[in-house]
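Student:
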Amino acid sequence: MTERATMIRLRINGVEDEVGASTLAELLKHQGIDLQARFLAVAVNGAVIRRADWLAHPLSPGDEVEIVRPLQGG
Amino acid sequence: MTDPLTIAGTTLASRLFVGTAGYPNQQMLLDCLETSGTELVTVSIRRISLEGYAESLVDLLEGRYRLLPNTAGCVTARDAILTAELAREALQTDWVKLELIGDRETLYPDVEQLVHAADQLVRSGFTVLPYCNEDPVACQKLADVGCAAVMPLGSLIGSGGGIANPAAIELVCSRSPVPVVLDAGIGTASDAALAMELGCDAVLVNTAIAKSHDPQRMAAAMRAGVEAGRLARLAGRIPKRRFAEPSSPQLGLVST
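Those sequence lines, one after another, are chains P and S. The working numbering applies: residue 1 is where the first sequence begins, and numbers increase by one. The working numbering applies: residue 1001 is where the second sequence begins, and numbers increase by one.
Shown next, in the form of structure tokens:
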């Protein structure tokens, strides 16, 4: 039996959720986001996490994660 | 005749900047951008839908236009700064159109927070183009903290109200140490031409094109309006006179 990741409570794009992810990369995969997708940017607790650091960036309970991309705008 | 605009060392041949929101469809947006001749287009930065995401608009624009991400809708300096930082990471550009909204109904800028946020972003290496009031003092303060241009409003965002206070825009243009880009309120091509005649270095248009009955034709009109206004500005308008001044020679007038 595979070991299950510990569930932690996060706020993802303003919505509270409990997910089994211990790093940012795991969270993004859990959300169905292609880690190679271009033009994505992520911040945790108000600080941008560079793409190169997604794999290693640990998540802690209560973290506020923002996942954004460019859209139409004026 | 070449008459390029330079902002923060970047040269732009077109003085028309175009927003990408609110077009009937994506193809119409692309056609309008093409027709407008613009080189600089604005985009927003938004949370992705956690239900998945489709092909990015940016995939279609990248390589063809310089992208200017905005901080539209932000009401705190903190959110605007974070949005700018996310934009820099997402688009690999230091440029940001800084919007800090002080009132949701009028979308008027919050000048106090705007100057503060601009200062912070300039210190972090951003090229900041702030959406601001048509107020020479506010514009001066923004230039003083290192903004690369100022973007005073003609009238309320999306209102199509034209240039509500031409005297103020002219004053801003005459005193600004950095390029002035008229932002917001353009309703039709003559508004864009007037902005240029008043001394603006460029014009940003979105809704007036996107919501026009024939967006692509309006994109062409805006292009022509900006070019006409710029040419007229460079040529110099004649002084206004109170009374008529005959344009035909008076000598040799037929008289019975």
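By construction, the Cβ of each residue, glycine as well, lies at the ideal position given by its N, Cα and C atoms.
Establish whether the CB of S:Leu-1091 and some CB of chain P are separated by less than 8 Å.
Tutor: Stepping through the second sequence from its first residue, residue 1091 of chain S is reached at position 91. Yes, S:Leu-1091 counts as interfacial toward chain P.
Student: Assuming contact is defined by CB atoms lying nearer than 8 Å, are S:Ala-1195 and S:Leu-1153 in contact in what I supplied?
Tutor: As a first step, residue 1195 of chain S is located in the second sequence; it is residue number 195 there, counting from the start. As a first step, residue 1153 of chain S is located in the second sequence; it is residue number 153 there, counting from the start. Cβ distance not < 8 Å, so S:Ala-1195 and S:Leu-1153 don't count as in contact.
Student: Between P:Asn-45, P:Arg-11, P:Arg-51, which lies nearest to P:Phe-39 when the distance is taken from Cα to Cα?
Tutor: Translated into positions along the first sequence, residue 39 of chain P becomes position 39. It is P:Arg-51 whose Cα lies nearest to the Cα of P:Phe-39.
Student: Mind the definition here: the segment 1004-1019 of chain S touches the segment 55-70 of chain P only if three or more C-beta pairs lie below 8 Å; say whether that holds.
Tutor: Because the criterion of three Cβ pairs below 8 Å is not met, the segment 1004-1019 of chain S and the segment 55-70 of chain P do not touch.
Student: Does S:Gly-1052 get closer than 8 Å to chain P when you measure Cβ to Cβ?
Tutor: Sequence index remark: in the second sequence, residue 1052 of chain S carries index 52 (1-based). Note that S:Gly-1052 has pLDDT 45, beneath the 50 cutoff, so the model's placement of it is unreliable and no number is given.
Student: Tell me which residues share the same chain as S:Thr-1011 and place their Cβ nearer than 6 Å to its Cβ, disregarding the 5 neighbours each side in the sequence.
Tutor: What you label residue 1011 of chain S is simply residue 11 of the second sequence in a count that begins at 1. Answer for S:Thr-1011: Pro-1004, listed in chain order.
Student: How close, in whole Å, do the beta carbons of S:Ala-1080 and S:Thr-1093 come, if the pair is a contact with beta carbons under 8 Å?
Tutor: Start at 1 with the first residue of the second sequence, and residue 1080 of chain S comes out as number 80. Start at 1 with the first residue of the second sequence, and residue 1093 of chain S comes out as number 93. Wrong, their Cβ atoms sit about 16 Å apart, outside the cutoff.
Student: Mind pulling the chain P residues with CB within less than 7 Å of S:Leu-1057?
Tutor: The residue labelled residue 1057 of chain S in the question sits at position 57 within the second sequence. Result: Pro-70, Leu-71, Gln-72.
Student: From the beta carbon of S:Ile-1101, is the nearest beta carbon of chain P less than 8 Å away?
Tutor: Numbered from its first residue, the second sequence carries residue 1101 of chain S at position 101. With 8 Å as the cut-off, S:Ile-1101 does not count as an interface residue toward chain P.
Student: What residues are listed by DSSP as bridge partners for S:Ile-1045?
Tutor: Here residue 1045 of chain S refers to the residue found at position 45 of the second sequence. Its beta-bridge partners are P:Pro-70.
Student: The beta strand (DSSP E) that contains P:Leu-10, what's its start and end?
Tutor: Locating residue 10 of chain P in the first sequence gives position 10, counting from the first residue. First-last of the beta strand (DSSP E) with P:Leu-10: 8-12.
Student: Chain S beta carbons: is any one of them nearer than 8 Å to that of P:Val-65?
Tutor: For the purposes of this step, residue 65 of chain P is identified with residue 65 of the first sequence, where counting begins at 1. Not closer than 8 Å to any Cβ of chain S, the Cβ of P:Val-65 fails to qualify, so no.
Student: Only counting the same chain, and skipping five residues up and downstream in sequence, which positions put a Cβ closer than 7 Å to that of S:Ser-1159?
Tutor: For the purposes of this step, residue 1159 of chain S is taken as residue 159 along the second sequence, with counting starting at 1. The answer, listed in chain order, is Gly-1185.
Student: With a threshold of 8 Å between beta-carbons, can S:Asn-1206 be considered close to chain P, or not?
Tutor: Locating residue 1206 of chain S in the second sequence gives position 206, where the first residue counts as 1. Chain P, which has a Cβ nearer than 8 Å to the Cβ of S:Asn-1206, makes this yes.
Student: Residues of chain S with CB closer than 9 Å to the CB of P:Arg-76, please, in chain order.
Tutor: Shown here, chain P extends from 1 to 74; a query on residue 76 of chain P therefore has no answer.
Student: So, using beta-carbon positions, are S:Glu-1099 and S:Tyr-1131 closer together than 8 Å?
Tutor: As a working note, residue 1099 of chain S is residue 99 in the second sequence. As a working note, residue 1131 of chain S is residue 131 in the second sequence. Yes. Within cutoff.
Student: Where do the N-terminal and C-terminal ends of the alpha helix (DSSP H) with S:Ile-1209 fall, by residue?
Tutor: Reading the second sequence from its first residue, position 209 is the one you call residue 1209 of chain S. Here the alpha helix (DSSP H) through S:Ile-1209 covers 1207-1210.
Student: Skipping 5 residues on each side, what residues in its chain have a beta carbon closer than 8 Å to that of S:Gly-1052?
Tutor: Residue numbering aside, residue 1052 of chain S sits at position 52 when the second sequence is read from its first letter. A caution first: S:Gly-1052 carries a pLDDT of 45, below 50, which makes its placement in the model too unreliable to give a value.
Student: If you drop the 5 nearest sequence neighbours on each side, which residues of the same chain put their C-beta closer than 8 Å to that of S:Gly-1022?
Tutor: In the second sequence, counting from the first residue as 1, residue 1022 of chain S sits at position 22. Excluding positions up to five away in sequence, the list reads Asn-1206, Thr-1207, Ala-1210, Lys-1211.
Student: Enumerate in chain order the residues of its own chain whose CB-to-CB distance from S:Leu-1156 is below 8 Å, with the five nearest sequence positions on each side excluded.
Tutor: Position 156 of the second sequence, counted from the start, is the residue given in the question as residue 1156 of chain S. Around S:Leu-1156: Thr-1106, Leu-1107, Tyr-1108, Ala-1184, Gly-1185.
Student: Comparing alpha-carbon positions, which option in S:Val-1150, S:Leu-1129, S:Phe-1126 lies nearest S:Val-1137?
Tutor: The count along the second sequence starts at 1 and reaches residue 1137 of chain S at position 137. Comparing Cα-Cα distances from S:Val-1137 to each of S:Val-1150, S:Leu-1129, S:Phe-1126, the minimum goes to S:Val-1150.
Student: Could you name the residues of chain S that P:Gly-46 contacts, counting a contact when the two beta carbons are closer than 8 Å?
Tutor: Within the first sequence, the letter at position 46 stands for residue 46 of chain P. The answer, in chain order, is Arg-1078, Leu-1082.
Student: Please determine if the segment 1221-1233 of chain S and the segment 1242-1256 of chain S are in contact, where contact requires at least 3 C-beta pairs separated by less than 8 Å.
Tutor: no
Student: Cβ closer than 7 Å: which chain S residues qualify as neighbours of P:Leu-24?
Tutor: Counted from its first residue, the first sequence places residue 24 of chain P at position 24. By Cβ distance, chain S contributes nothing, its closest Cβ being about 13 Å from P:Leu-24, past 7 Å.
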